[in-house]
Amino acid sequence: MMSLHTILFYLMAALILGGGIMAVISRKIFRAAVYLLFSLIGIAGLYFWMEYEFLAAVQIIVYVGGIVVLIIFSIFLTQTSSLDMPKPNLNRRLFAGLAMLSGLLLTITLILQHSFIPSLDPVQEVNVSSIGLKLLSVHEGGYALPFEVVSVLLLAAMIGCIAIAIKSPAQK
Amino acid sequence: MNQIGLTHFLILSTSLFFIGVYGFLTRRNLIVMLMSVELLLNSVNINFLAFNKYLYPGKMDGIFFSIFIITIAAAEAAVAIAIIINLYRRHKSIDVEDAEALKD
Numbered sequence: 001m002m003s004l005h006t007i008l009f010y011l012m013a014a015l016i017l018g019g020g021i022m023a024v025i026s027r028k029i030f031r032a033a034v035y036l037l038f039s040l041i042g043i044a045g046l047y048f049w050m051e052y053e054f055l056a057a058v059q060i061i062v063y064v065g066g067i068v069v070l071i072i073f074s075i076f077l078t079q080t081s082s083l084d085m086p087k088p089n090l091n092r093r094l095f096a097g098l099a100m101l102s103g104l105l106l107t108i109t110l111i112l113q114h115s116f117i118p119s120l121d122p123v124q125e126v127n128v129s130s131i132g133l134k135l136l137s138v139h140e141g142g143y144a145l146p147f148e149v150v151s152v153l154l155l156a157a158m159i160g161c162i163a164i165a166i167k168s169p170a171q172k
Numbered sequence: 173m174n175q176i177g178l179t180h181f182l183i184l185s186t187s188l189f190f191i192g193v194y195g196f197l198t199r200r201n202l203i204v205m206l207m208s209v210e211l212l213l214n215s216v217n218i219n220f221l222a223f224n225k226y227l228y229p230g231k232m233d234g235i236f237f238s239i240f241i242i243t244i245a246a247a248e249a250a251v252a253i254a255i256i257i258n259l260y261r262r263h264k265s266i267d268v269e270d271a272e273a274l275k276d
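Those sequence lines, one after another, are chains Z and X.
To convert, note that position 160 of the first sequence is 160 in the working numbering; the numbers rise steadily by one, no gaps.
Start counting at 1 in the second sequence, then tack on 172, and there's your number in the working numbering.
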């Protein structure tokens, strides 16, 4: 008899994989975006299942609330959603499917052959305060430098977006 | 099979990764390709968190890697969509086959 915990994992895995497959093969681009949304929500559920509540919240805020909404906006801006996307030609699907299946089989065989030894270390409690303290710590094992670098990256990306998307006076 | 272990997570994330690879290789629409890249990044995130939970429960490194990957994914999506919209303005199409010349 499977416990509820186990059933929940399989439900979420089905949601993630089903959403992912439909997002990739659906020919209506708007539906593909909605399937991607379900897949990302499933991943957030998986983080809750692993008891990483902060990461699950970040996943929902950034991906579901940010990136998918951005993608849906750009779909509205760039095309008529009623039109089907052209079907990819058979050759391309065949070779992509072959590459995908061989890679998948190889990786899964490697995973199944390797025996992972679960660690018995004491579990470090992960909550917002421990993450925040570690993120700003400049001592050993702290993440202050990557934090600053990623802040600069975000600023650069923001300026880059404005520079790319802005209309030059000649275009107006 | 009843006890969920690291192997379950690794097989799940591998499947998700190769679904993303399939989408990236078959689709010619830039927005769908961007969505496939998001699937790839998410599968890597699942891996980091599962390794952190099962192999290094006393550390938090996997969590920080996931946080940084999420940040970089957000920046990447924003820049990619700015480029896609600019491309659409010039060529009236977001098919990669039509996007041979990025510079005018």
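Quick reminder that beta carbons are idealized off the backbone N, C-alpha and C, glycines included.
- By the Cβ neighbour-count rule, LYS225 (chain X) is buried, with 16 or more other Cβ atoms within 10 Å of its own.
- Between LEU197 (chain X) and ALA96 (chain Z), the C-beta spacing is below 9 Å.
- Taken atom to atom, the span from the alpha-carbon of LEU221 (chain X) to that of PHE116 (chain Z) is near 15 Å.
- By the CB criterion at 9 Å, ILE235 (chain X) and VAL126 (chain Z) fall inside the cutoff.
- With the criterion set as a beta carbon lying under 9 Å from some beta carbon of chain X, the members of the segment 42-76 of chain Z are ILE43, LEU46, TYR47, TRP49, MET50, GLU51, TYR52, PHE54, LEU55, VAL58, GLN59, VAL62, TYR63, GLY66, ILE67, VAL68, LEU70, ILE71, PHE73, SER74 and ILE75, in sequence order.
- With respect to ALA252 (chain X), LEU202 (chain X) sits close: the two C-beta atoms are nearer than 9 Å.
- Contact of ASP121 (chain Z) with chain X is assigned, a C-beta pair being separated by under 9 Å.
- Using a Cβ-Cβ cut-off of 7 Å, ALA249 (chain X) is close to ILE67 and LEU70 of chain Z, given in chain order.
- For GLY160 (chain Z), a Cβ of chain X is located within less than 9 Å of the residue's own Cβ.
- For VAL58 (chain Z), the closest C-alpha among the options X:THR179, X:ILE242, X:LEU182 and X:LYS231 is that of X:ILE242.
- Note on geometry: alpha-carbon atoms of ALA245 (chain X) and GLY192 (chain X) lie some 15 Å from one another.
- One thing to note: ALA23 (chain Z) has its Cβ within 9 Å of the Cβ of LEU211 (chain X).
- Note on ILE166 (chain Z): under 16 other CB atoms within 10 angstroms of its CB, so exposed under the neighbour-count rule.
- Contact check for LEU46 (chain Z) against ALA14 (chain Z) fails: the beta carbons are separated by 9 Å or more.
- Here PHE237 (chain X) is buried: its Cβ has 16 or more other Cβ atoms, across all protein chains shown, within 10 Å.
- Within chain X, the residues LEU197, THR198 and ARG200 have their CB atoms less than 9 Å from the CB of ARG92 (chain Z), given in chain order.
- Within the same chain, Cβ atoms closer than 7 Å to the Cβ of ILE131 (chain Z) are found at PHE54, the five residues on either side in sequence being excluded.
- Residue environment: SER39 (chain Z) is assigned as buried (16 or more neighbouring CB atoms within 10 Å of its CB, all protein chains considered).
- With fewer than 16 other beta carbons inside 10 angstroms of its own, ARG92 (chain Z) counts as exposed.
- Its chain contains ASN201, LEU202, ILE203, ILE256, LEU259 and TYR260 as the residues whose beta carbon lies nearer than 7 Å to that of ILE266 (chain X), once the 5 sequence neighbours on both sides are disregarded; these appear in chain order.
- Under the Cβ distance rule, GLU210 (chain X) counts among the residues neighbouring chain Z, one pair being separated by less than 9 Å.
- Contact between ILE218 (chain X) and PHE181 (chain X) holds: CB atoms are separated by about 6 Å, below the 8 Å threshold.
- Against ALA254 (chain X), the close residues of chain Z are CYS161, ILE164 and ALA165, in the order they occur along the chain (beta-carbon pairs closer than 7 Å).
- Scanning Z:LEU110, Z:GLU148 and Z:LEU154 for the CA closest to the CA of LEU135 (chain Z) turns up Z:GLU148.
- The three-state reading of DSSP puts ASP267 (chain X) in strand, counting E and B together.
- The alpha carbon of GLY160 (chain Z) has as its nearest neighbour, out of X:TYR194, X:MET205, X:TYR228 and X:ALA247, the alpha carbon of X:ALA247.
- For THR6 (chain Z), same chain residues with a beta-carbon under 7 Å away, outside a window of 5 residues either side, do not exist.
- Nearest to ALA249 (chain X) by alpha-carbon distance, out of Z:VAL69, Z:ILE43 and Z:LYS28, is Z:VAL69.
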